[in-house]
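K.L.:
If you want the working numbering, it's the position in the sequence shown, counting the first as 1, plus 420. Ideal Cβ positions, reconstructed from N, Cα and C, are used throughout, including at glycine. There's a structure below that I have some questions on.
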Amino acid sequence: MHSCMVLTQCSFGLHPKFVASLRNNSTNPSSNTSPPLPDFQKQQKIMKPYRYHDQESLCSRHTDKVEEVRRIVHETKGEKETLLLIDSLQKLSVDYHFEEEIEEKMHSLYEKRLKIINGEANNIMEVSLLFRLLRQAQYPISTDVFDRFLDRRGEFMASLTKEIEGLISLFEASNLNFGGELILYRANEFSRIHLKPYMTSLDADLAVHIKQILDNPYHLTLERFKARQILDNNTSKFYYNFNIVELGKMDFSMIQSLHQKELKEVSRWWKESGLGQELGFARVQPLKWFTWPMTCLPNPKFSKYRIVLSKVIAFVYLLDDIFDVKGSLDELYLFTQAIERWDHSSMNSLPDYMRACFKVLEDTINEIARIVFEEHGWNSIEYLKKSWIQLSKAFLVEAKWLIEDEVPTVDDYMKTSTVSCGVPLILVHLYFLLGHGVSENLVENLRNLISCPARILRLWDDLGSAKDEEQNGRDGSLLACLMKENPHCSSQVARGKVMQMIDEAWEELNKESFSLSTSMFSRDFVIVCLNAARMVRVIYNYDEEHKLPMLKEYINLLLFEQI
421 MHSCMVLTQC
431 SFGLHPKFVA
441 SLRNNSTNPS
451 SNTSPPLPDF
461 QKQQKIMKPY
471 RYHDQESLCS
481 RHTDKVEEVR
491 RIVHETKGEK
501 ETLLLIDSLQ
511 KLSVDYHFEE
521 EIEEKMHSLY
531 EKRLKIINGE
541 ANNIMEVSLL
551 FRLLRQAQYP
561 ISTDVFDRFL
571 DRRGEFMASL
581 TKEIEGLISL
591 FEASNLNFGG
601 ELILYRANEF
611 SRIHLKPYMT
621 SLDADLAVHI
631 KQILDNPYHL
641 TLERFKARQI
651 LDNNTSKFYY
661 NFNIVELGKM
671 DFSMIQSLHQ
681 KELKEVSRWW
691 KESGLGQELG
701 FARVQPLKWF
711 TWPMTCLPNP
721 KFSKYRIVLS
731 KVIAFVYLLD
741 DIFDVKGSLD
751 ELYLFTQAIE
761 RWDHSSMNSL
771 PDYMRACFKV
781 LEDTINEIAR
791 IVFEEHGWNS
801 IEYLKKSWIQ
811 LSKAFLVEAK
821 WLIEDEVPTV
831 DDYMKTSTVS
841 CGVPLILVHL
851 YFLLGHGVSE
861 NLVENLRNLI
871 SCPARILRLW
881 DDLGSAKDEE
891 QNGRDGSLLA
901 CLMKENPHCS
911 SQVARGKVMQ
921 MIDEAWEELN
931 KESFSLSTSM
941 FSRDFVIVCL
951 NAARMVRVIY
961 NYDEEHKLPM
971 LKEYINLLLF
981 EQI
């Protein structure tokens with residue numbers, strides 16, 4: 421078969437520009453790509469580039485394997501087998517190939533839920549898995565399904581401790597708490613306590629598997645990172661169908677190749693923008709900018725959106741550095757007013773670097789508005805502008821606090837910093853890119869689906885009490901605000917309060933993501949918001965040396981290290 425025919429028949433929807441470029445793939449990012457972390461490029465294991473015929477063969481075999489797995493999906497009939505099948509497809513990050521088939525089977529499982537729940541008395545694995553899958557798919561299901569596994573004292577039955585698979589499923593289900601669901605709190609504690617001893621009594625592979633589950637619960641972890649962990653672990657052969665594992669490996673390799681091409685596009689844009697010379701004080705991290713959309717938009721079909729969103733994220737970082745590192749307060753006032761007017765002439769009295777930054781920002785926003793109009797028919801430009809005005813105003817408020825050494829109230833700090841973290845702005849851009857129509861109060865009155873990931877990011881970043889290792893500017897923290905409002909509050913107590921706020925934000929996000937109230941949002945947008953929250957622990961998980969080992973591992977496994 422002709423090579424171009426093979427490439428275009430790949431089962432996932434690649435952007436045509438990158439389908440054509442896969443056969444010439446090189447894994448090394450553009451030479452102007454700066455590492456987001458010190459010494460990272462010395463540590464990364466660069467994947468060998470695919471030769472043309474290798475990529476052609478992989479693409480052809482991938483198409484065949486998708487159809488082979490599709491036959492397995494159609495042929496799977498039993499309730500338990502269906503639950504395990506869907507779980508495998510999700511955890512190996514290949515479920516997007518079979519959305520219609522999975523939805524049909526989920527509907528069938530919902531219809532048969534009583535039969536499953538009322539089955540064997542100790543079948544905690546099946547009930548927990550059913551609960552998690554139905555809740556994720558927005559089917560109404562009560563936590564009462566777990567009552568039958570409680571003893572007379574209201575505790576989980578001791579006999580459940582002997583069921584490793586049941587404990588794992590119970591632990592995974594417990595992380596979908598909507599808030600105040602007491603039995604899920606107890607399920608989390610019970611399963612965690614009784615899984616830990618197995619880490620010392622099982623063989624090494626199974627011990628690693630359980631540790632990964634406890635450290636990175638499926639619901640709270642990035643989808644493809646979790647899939648890579650499973651595919652790298654020898655236990656995959658015990659838990660997952662061989663054909664699904666093979667599809668997962670092929671899928672991972674092809675998407676990895678696509679992401680490398682996208683990263684090159686982002687790096688090329690940055691070089692051609694000329695801002696590297698104008699903004700010499702700013703963090704230049706194309707790899708880090710791209711990591712966000714690579715995470716939030718996992719479906720391969722969103723290649724173009726990942727590239728343009730990387731540009732948006734770049735400007736969030738660049739503006740942050742202008743307000744935090746470079747600009748005087750008088751300049752920042754004028755810069756904010758100029759952005760509010762969205763007018764070049766207002767920039768004439770400002771430094772060259774501010775004018776240059778605004779010019780490229782305007783070009784980028786116009787590009788996004790054009791994409792939205794051409795693909796979805798909406799004129800989003802005023803809403804996109806409004807989100808940048810809101811962000812710059814929040815940056816200005818924070819700059820004033822820090823320059824004047826002012827510690828705000830907790831409420832004022834959270835109101836401003838939830839915007840200044842950039843998450844609402846990024847999600848508003850994605851809202852339109854994913855085809856949602858105009859919403860009058862979207863920017864001013866954020867839904868929980870948007871505000872919760874923003875709060876989680878701000879709280880987690882403040883909890884680390886560590887600056888970005890390449891940022892030398894001013895910094896603030898919720899911990900200082902809490903301790904000012906409560907003079908007798910120790911730093912340890914303040915940190916405990918922040919952790920509680922993070923947990924509460926996750927519960928609100930769960931409720932917003934998995935209840936029918938999200939019907940105004942597409943499933944793709946819900947996944948974006950969840951992934952934004954999941955990314956926080958990776959991007960801000962500092963160690964004692966103020967470095968980011970989890971981010972290094974994530975980038976290395978997903979972008980560079982061959983599976």
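1) Between the C-alpha atoms of residue 816 and residue 501, what's the straight-line distance to the nearest angstrom?
2) Identify, in the order they occur along the chain, each residue of the same chain with its Cβ nearer than 6 Å to the Cβ of residue 603, setting aside the five sequence neighbours on each side.
3) Which one or two residues does DSSP pair with residue 576 in a beta bridge?
4) In three-state DSSP terms, what is residue 952?
5) Give the list of continuous alpha helix (DSSP H) stretches no shorter than 4 residues that lie fully inside the segment 462-548.
6) Measure the alpha-carbon distance for residue 757 versus residue 481 and round it to whole angstroms.
7) Alpha carbon to alpha carbon, what distance is there between residue 717 and residue 979?
8) Between residue 907 and residue 914, what straight-line distance do the alpha-carbon atoms span, to the nearest angstrom?
9) May I have the straight-line CA-CA distance separating residue 806 from residue 479, to the nearest angstrom?
10) Could you check whether the segment 671-678 touches the segment 741-751, counting it as contact only if at least three pairs of C-beta atoms, one from each stretch, sit closer than 8 Å?
11) Where do the N-terminal and C-terminal ends of the alpha helix (DSSP H) with residue 736 fall, by residue?
12) Residue 778 and residue 745 - do their beta-carbons sit closer together than 8 Å?
13) If contacts are defined as beta-carbon pairs under 8 Å, then residue 727 and residue 682 qualify, I think. What distance do you get, rounded to the angstrom?
14) Here's the rule: buried if 16 or more other CB atoms are within 10 angstroms of the residue's CB, otherwise exposed. What is residue 600?
15) By DSSP, does residue 779 sit in helix, in strand, or in coil?
16) Determine whether the beta carbon atoms of residue 948 and residue 847 lie at a separation below 8 Å.
17) Please name the residue in 743, 883 and 765 whose C-alpha comes closest to that of residue 1010.
18) Under 8 Å by Cβ, that's how I've got residue 876 and residue 792 pegged, so tell me the actual separation to the nearest angstrom.
19) Looking at residue 652 and residue 513, is the spacing between their C-beta atoms short of 8 Å?
20) Which residue wins for smallest C-alpha separation from residue 556, given the options 572, 810, 621 and 523?
21) Below 8 Å, how does it come out for the segment 923-936 and the segment 683-692: are there three or more Cβ pairs, yes or no?
22) Quick check: what's the CA-CA separation for residue 971 versus residue 572?
23) From what residue to what residue does the alpha helix (DSSP H) around residue 681 run?
24) Let me know if residue 969 comes out buried or exposed under the rule of 16 or more other beta-carbons within 10 Å of its beta-carbon.
25) Alpha carbon to alpha carbon, how far is residue 695 from residue 616?
26) Following the continuous alpha helix (DSSP H) through residue 916, name the residue where it begins and the one where it ends.
27) Where does residue 978 sit, in a helix, a strand or coil, going by DSSP?
28) So the alpha helix (DSSP H) residue 846 belongs to, where does it begin and stop?
29) Residue 882 by DSSP, collapsed to three states: which one?
30) Expressed to the nearest angstrom, what Euclidean distance is found between the alpha-carbon atoms of residue 650 and residue 864?
31) Which of the three DSSP states is assigned to residue 702 in this structure?
32) Going by C-alpha to C-alpha distance, which of 823, 918, 511 and 842 sits closest to residue 660?
33) From what residue to what residue does the alpha helix (DSSP H) around residue 632 run?
34) According to DSSP, is residue 558 helix, strand or coil?
35) Around the Cβ of residue 525, are there at least 16 other Cβ atoms within 10 angstroms (buried) or fewer (exposed)?
36) Measuring only the C-alpha atoms, how far is residue 869 from residue 584?
P.N.:
Let me lay it out:
1) One C-alpha to the other measures close to 56 Å.
2) Apart from sequence neighbours up to five positions away, the residues of its chain that approach residue 603 with a beta-carbon distance below 6 Å are 563 and 566, ordered along the chain.
3) 570
4) helix
5) 472-495, 499-511, 519-531 and 533-537
6) 56 Å
7) Rounded to the nearest angstrom, the gap between the Cα atoms of residue 979 and residue 717 is 15 Å.
8) 11 Å
9) 43 Å
10) They do not touch, by the three-pair rule.
11) 723-741
12) no
13) 5 Å
14) Answer is exposed; the Cβ neighbour count stays below 16.
15) DSSP places residue 779 in helix when its eight states are reduced to three.
16) yes
17) An answer regarding residue 1010 cannot be provided, because it is not within the stretch 421 to 983 covered by the chain.
18) About 27 Å; that fails the 8 Å criterion.
19) no
20) 523
21) no
22) 45 Å
23) 662-693
24) That one is exposed.
25) 50 Å
26) 911-934
27) helix
28) 843-853
29) helix
30) 41 Å
31) When secondary structure is reduced to three states using DSSP, residue 702 falls in the coil class, being assigned neither helix nor strand.
32) Residue 511 holds the alpha-carbon nearest to the alpha-carbon of residue 660 among 823, 918, 511 and 842.
33) 624-635
34) coil
35) buried
36) 34 Å
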